[in-house]
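Residue numbers for the sequence shown follow this note's numbering, so the first one is 88 and each next one is one higher.
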Amino acid sequence: MPLRPVPGSLMGDWMPPPSDYVENVARKVAPFLVERGLTADLVAAGCARCQACSPVGALERELQANGDRKLIPVRATG
């Protein structure tokens, strides 16, 4: 989800986004992933599985721990 430029790549000189922006996006994305069974512990590969550069995995675990808590639906506007 967040941009983490790799030194030496075509985007190696790009700056990663501010942490508050990444957190804001992650808090919107995580509930959708949990609802659809696309959490890091259930998928086999890719960014969703790795979670190395993203706070989404931590948010998924937080949401799953509160299983009886009703989540507020998040809708993208546009």
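Beta carbons: idealized from backbone N, C-alpha and C, even for Gly.
Nearest-angstrom Cα separation, counted from residue j out to residue i
i	j	result
Trp-101	Val-109	15 Å
Gln-151	Val-121	7 Å
Pro-105	Cys-134	19 Å
Arg-123	Val-116	11 Å
Ala-132	Met-98	23 Å
Residue i at chain D interface by Cβ criterion, 8 Å
i	result
Gly-144	In summary, chain D is missing from the structure at hand, where a single protein chain is found.
Proximity below 8 Å, CB of residue i to CB of residue j
i	j	result
Ala-127	Arg-136	yes
Pro-31	Ala-113	Only positions 88 to 165 of the chain appear in the structure, and residue 31 is not among them; the question remains open.
Limits of the unbroken alpha helix (DSSP H) element including residue i
i	result
Arg-136	134-137
Asp-107	106-122
Val-130	First-last for Val-130: undefined, no H or E at that position.
Residues of its chain near residue i, where Cβ-Cβ distance is below 6 Å and the 5 sequence neighbours each way are ignored
i	result
Pro-103	Leu-90, Arg-91
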